[in-house]
Structures are given as structure tokens and as C-alpha cells.
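Asker: Chains as they are written, first to last, in full-length UniProt numbering: chain E, 1 to 235; chain W, 1 to 134.
Handing you a structure now.
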Amino acid sequence: MAPKKTRTGPRNPDLVPGIKKFSRSKMYHKRGLWAIKAKHGGKFPTHDAKPAAQPDVAAPEKAPKFYPADDVKKTRAKPKKNNPTKLRASITPGTVLILLAGRFMGKRVVFLNQLPSGLLLVTGPFKVNGVPVKRVNQAYVIATSTKVDISSVDVSKFDDKYFTKEKTKKAKKTEGEFFKSDEEEKSVLPQYKKDDQKAVDTALLKAIEAVPDLKTYLSARFSLRDGMKPHQLVF
Amino acid sequence: MTFKRFVEIGRVALVNYGKEYGRLVVIVDVVDQNRALIDAPDMVRCQINFKRLSLTDIKIDIPRIPKKKTLIAAMEEADVKNKWEKSSWGRKLIVQQRRASLNDFDRFKVMLARIKRGGVIRQELARLKKENAA
Numbered sequence: 001m002a003p004k005k006t007r008t009g010p011r012n013p014d015l016v017p018g019i020k021k022f023s024r025s026k027m028y029h030k031r032g033l034w035a036i037k038a039k040h041g042g043k044f045p046t047h048d049a050k051p052a053a054q055p056d057v058a059a060p061e062k063a064p065k066f067y068p069a070d071d072v073k074k075t076r077a078k079p080k081k082n083n084p085t086k087l088r089a090s091i092t093p094g095t096v097l098i099l100l101a102g103r104f105m106g107k108r109v110v111f112l113n114q115l116p117s118g119l120l121l122v123t124g125p126f127k128v129n130g131v132p133v134k135r136v137n138q139a140y141v142i143a144t145s146t147k148v149d150i151s152s153v154d155v156s157k158f159d160d161k162y163f164t165k166e167k168t169k170k171a172k173k174t175e176g177e178f179f180k181s182d183e184e185e186k187s188v189l190p191q192y193k194k195d196d197q198k199a200v201d202t203a204l205l206k207a208i209e210a211v212p213d214l215k216t217y218l219s220a221r222f223s224l225r226d227g228m229k230p231h232q233l234v235f
Numbered sequence: 001m002t003f004k005r006f007v008e009i010g011r012v013a014l015v016n017y018g019k020e021y022g023r024l025v026v027i028v029d030v031v032d033q034n035r036a037l038i039d040a041p042d043m044v045r046c047q048i049n050f051k052r053l054s055l056t057d058i059k060i061d062i063p064r065i066p067k068k069k070t071l072i073a074a075m076e077e078a079d080v081k082n083k084w085e086k087s088s089w090g091r092k093l094i095v096q097q098r099r100a101s102l103n104d105f106d107r108f109k110v111m112l113a114r115i116k117r118g119g120v121i122r123q124e125l126a127r128l129k130k131e132n133a134a
């Protein structure tokens with residue numbers, strides 16, 4: 001074996017300050033962690049956790065080297081709390097909202113409930129204006145002062161997880177399949193979602209039909225006309 | 001062109017600029033060439049520039065700078081509130097305020113009502129035209 005060369009410089013020199021010569025995977029190889037792991041049967045050898053050392057009664061506490069001149073309070077890190085966005089006072093369950101952006105821009109929808117992520121749960125109802133049960137950001141919404149009675153609607157089964165996209169596994173395409181037109185399987189709306197929509201809407205529709213003209217109001221879109229000044233309009 | 005509405009003690013005016021915009025007040029004294037002392041039943045007596053007042057047709061009978069009680073009594077006697085609300089200017093203001101306070105739903109209902117009214121008018125017109133042609 002060649003005489004062991006003592007290491008002259010860093011394993012991963014700087015080419016330019018801030019840019020190292022070797023990548024992470026190259027460095028992993030150079031450090032030989034793979035060889036150590038192989039020698040010890042796949043695991044990197046670790047020391048067992050030392051048992052808590054008994055405080056030495058003989059050795060007294062050493063006086064600190066430095067006393068700060070001012071009494072400064074030691075700040076303790078507060079546990080971070082993630083609260084949902086503060087809901088505007090004008091938005092209460094049953095409020096009619098006007099959506100301001102997206103596919104359903106201008107549609108008037110009924111607010112159901114705020115989800116833990118802070119987004120608002122709304123529904124058209126679907127039969128009235130084609131808006132399904134969906135999540136909407138508070139910033140893209142105008143709250144009107146019209147309220148619908150929502151006491152008979154149960155929204156407990158809707159949460160943020162209900163609305164997350166399903167993860168589709170992408171199978172590796174063979175050459176033949178690669179040249180076929182991208183026939184992505186049409187994402188069909190699962191039946192349970194249609195049933196949930198119906199469940200929410202039937203209860204809501206009764207409350208809506210109780211108020212004259214409210215159904216036509218919800219099926220119409222909002223738009224600004226000549227002479228309407230948004231800052232002077234009362235919603 | 002003679003003037004019909006004069007600045008005088010007892011003239012009812014509408015404030016058209018400032019913090020008291022839209023309030024009906026009574027001129028109770030004239031301070032100088034530009035300013036008047038005004039008073040109303042629900043406000044503290046204060047001075048105001050004539051440029052901020054729009055004179056109305058209504059005048060009440062009061063002495064110069066009356067006590068609040070006297071002012072209120074005089075206004076009741078002259079029935080200022082009703083006269084104002086019946087006048088065309090007063091009625092227009094009431095309609096403006098009503099329209100400004102309409103809800104989005106109310107505006108929608110108004111639109112439906114106007115369409116319906118228009119439809120009825122057009123039907124009637126068509127009927128009358130037909131009768132006339134016949």
C-alpha cells in the first residue's frame with residue numbers, strides 16, 4: 001500500500017468564495033461514509049447516550065467570569081401558534097358573498113363556515129348558480145349584508161383535507177405509450193362528493209326559497225354598471 | 001331677476017359643505033359680511049360661512065339668538081320638518097338618501113321591479129296602439 005499521505009488542504013476547496021468544488025453526493029462518497037456504513041452492517045456507528053452525570057457534590061459551583069452591567073430579562077421563545085385568518089366582522093355563517101376572482105367571478109354564494117386553514121367554505125348552492133362546495137380566500141370576496149338562515153345545514157364533514165388533490169401515481173411510460181396522445185384519465189368527480197353537495201344544498205335551498213327573489217338573486221352575477229361607484233355602494 | 005330667498009334671522013338653510021353636511025339649520029344671527037350664527041334643535045349653536053349654506057324657502061319667526069327652547073317651539077309651530085319633507089327639494093334628498101343606503105339585494109329587487117314595470121307599460125302601449133290602428 002502506498003504511504004499514507006497526510007491531508008494537505010480541505011477536502012472540498014472553494015473555487016470562488018461561496019462555491020465549493022464538489023457536490024453533496026460527491027462529498028458523501030469522498031468522506032467514505034459508505035465504507036464505514038458497510039463495515040458496520042448498514043448503519044453508521046453511534047455512541048450510546050451517556051447516562052445523566054450525577055452532580056458532583058465535591059466540586060462547588062464556579063463563580064461566573066462575567067456579570068452583565070444591566071439586569072436584562074432573558075427572553076424565552078413563545079410557542080408559535082398558527083391561527084386561522086381573522087374573519088371580517090361582516091362575514092357570519094349564512095352571509096351572501098360576492099366572489100371577485102376566478103371562474104366564478106361575480107357569482108353570489110352562501111358562506112358556510114371558516115376552515116382551520118383560514119379559507120372560507122362556500123356553496124352556490126350548486127343547483128342555483130353552479131358553484132359547488134368550495135374554499136375561497138377572504139381577500140377575494142365582498143360580504144353583502146344579506147343573510148340566509150343556515151341553522152339546518154351540517155358542515156362538520158368539510159375540512160381542508162377534503163379539498164386536497166388526490167396524488168396520482170405516474171407510471172413509467174414505455175416508448176409506445178410515450179407517443180400516444182396524452183390521454184390523462186378524466187378525473188371524474190367521486191360520487192361521495194356529489195352526495196355531500198346534495199346534502200348541503202337541499203337544506204340550504206329550503207331556507208333560500210323562503211325569501212322572495214333570493215333564488216334569482218343568487219343565480220345572477222354581480223357586475224358594475226354605469227354610475228356605480230364601489231366606494232360609495234353599500235353592500 | 002329679483003332675489004326671493006334672503007339671509008335673515010329665522011331663514012332655514014341646508015348645510016352643503018363640511019362636518020354638518022346635509023343638516024337643516026336656522027340662521028339665528030349674522031356675524032359679519034361672510035358668516036352667520038346657525039342653530040338647530042340637535043346641535044350646538046355655531047358660526048358658519050354663508051358659502052356653506054344653501055337657503056331654503058322656509059322661514060320661521062324667532063327673535064335674534066333665541067334660547068334653544070324658544071327655537072324648538074318656533075320650529076314646531078312653523079312645522080319646518082313636514083314642510084321640508086313635502087317640498088320637492090326635500091323629497092329629492094330623501095330619495096337620494098334611500099337610494100344610497102340600498103343593499104346589493106335591494107338593488108337587485110329594484111332592478112326586477114323596474115323591468116316588470118317596463119313590461120307592463122309596454123304591454124299597455126302596444127294594446128293602445130292596436131286599438132288606435134284598428
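In this text, a Cβ means the ideal position worked out from N, Cα and C, and glycines have one as well.
Which bits of chain W does Q232(E) rub up against, with CB to CB less than 9 Å?
Answerer: A100
Asker: Where DSSP assigns a beta bridge to A143(E), which residues make up the other side?
Answerer: Partner(s): L97(E).
Asker: If you follow the alpha helix (DSSP H) that N132(W) is part of, which residue opens it and which one closes it?
Answerer: D104 to A133
Asker: Anything in chain W within Cβ reach of residue 256(E), meaning under 9 Å, just list it in chain order.
Answerer: One cannot answer for residue 256(E) here, as it falls past the ends of chain E, which runs 1 to 235.
Asker: Could you work out which residue in D71(E), Y140(E) and N83(E) is closest to T105(E) when comparing CA atoms only?
Answerer: Note that residue 105(E) is Met in the sequence shown, not Thr. Out of D71(E), Y140(E) and N83(E), Y140(E) has the C-alpha closest to the C-alpha of M105(E).
Asker: I'd like to know if Y217(E) contacts chain W, where contact means its C-beta is closer than 8 Å to some C-beta of that chain.
Answerer: yes
Asker: Report back the beta-carbon spacing between F235(E) and T123(E) to the nearest angstrom; my notes put them in contact at under 8 Å.
Answerer: About 20 Å separates the two Cβ atoms, so there is no contact after all.
Asker: Taking Cβ positions only, does A77(E) come closer than 8 Å to chain W?
Answerer: no
Asker: Note down the Cα distance separating I98(E) from K81(W), rounded to an integer number of angstroms.
Answerer: Annotation: I98(E) to K81(W) spans about 39 Å, alpha carbon to alpha carbon.
Asker: Between the segment 199 to 218 of chain E and the segment 72 to 84 of chain E, can you find at least three pairs of beta-carbon atoms closer than 8 Å?
Answerer: no
Asker: Just to confirm my understanding: we take I72(W), look at its own chain, exclude 5 residues before and 5 after, and list those with CB closer than 7 Å. What are they?
Answerer: P41
Asker: Is the CB-CB distance between V153(E) and L112(E) below 8 Å?
Answerer: yes
Asker: Examine chain W for any beta-carbon lying closer than 8 Å to the beta-carbon of residue 238(E), and answer yes or no.
Answerer: Nothing about residue 238(E) can be read from this structure; chain E reaches only from 1 to 235.
Asker: Compare the beta carbon distance of I38(W) and V25(W) with 8 Å and say whether it is the shorter of the two.
Answerer: Taking a C-beta distance under 8 Å as the contact criterion, I38(W) and V25(W) qualify as a contact pair.
Asker: Keeping to the same chain, check which residues put their C-beta closer than 8 Å to that of E209(E); ignore five residues upstream and five downstream.
Answerer: Excluding positions up to five away in sequence, the list reads K215.
Asker: Rounding to the nearest angstrom, what Cα-Cα distance links T168(E) and V188(E) in this structure?
Answerer: 13 Å
Asker: Quick one: list the residues of chain C neighbouring A220(E), beta-carbon separation under 8 Å, in chain order.
Answerer: The structure shown contains no chain C; the protein chains it does contain are E and W.
Asker: What does F111(E) reach in chain W if we use C-beta pairs closer than 8 Å?
Answerer: Scanning chain W for C-beta atoms nearer than 8 Å to the C-beta of F111(E) yields nothing, as the closest lies near 14 Å away.
Asker: Leaving out five residues before and five after R221(E) in sequence, what residues of the same chain have Cβ atoms less than 7 Å from its Cβ?
Answerer: G106 and K107
Asker: With 9 Å as the limit, tell me which residues of the segment 97 to 109 of chain E have their beta carbon closer than that to any beta carbon of chain W; keep them in chain order.
Answerer: I98 and R108
Asker: Consult DSSP for N129(E) and reduce its assignment to one of helix, strand or coil.
Answerer: helix
Asker: Please classify N16(W): does DSSP put it in a helix, a strand, or coil?
Answerer: coil
Asker: By Cβ distance below 6 Å, which residues in the same chain neighbour A78(W) in space, the five residues on each side in sequence not counted?
Answerer: I60
Asker: Taking the alpha-carbon positions, what's the R64(W) to K83(W) distance?
Answerer: Roughly 23 Å between the two C-alpha positions.
Asker: The beta strand (DSSP E) that contains N49(W), what's its start and end?
Answerer: C46 to N49
Asker: What span of residues does the alpha helix (DSSP H) with N113(E) cover, start to end?
Answerer: Where N113(E) is concerned, there is no enclosing alpha helix (DSSP H), although the beta strand (DSSP E) it sits in stretches over R108 to Q114.
Asker: Hey, V96(E) and Q197(E): beta-carbon distance below 8 Å or not?
Answerer: At the C-beta level, V96(E) and Q197(E) stay beyond 8 Å of one another.
Asker: Using beta carbons (cut-off 8 Å, strictly below), is F163(E) in contact with chain W?
Answerer: Between F163(E) and chain W, the shortest Cβ-Cβ separation is not below 8 Å.
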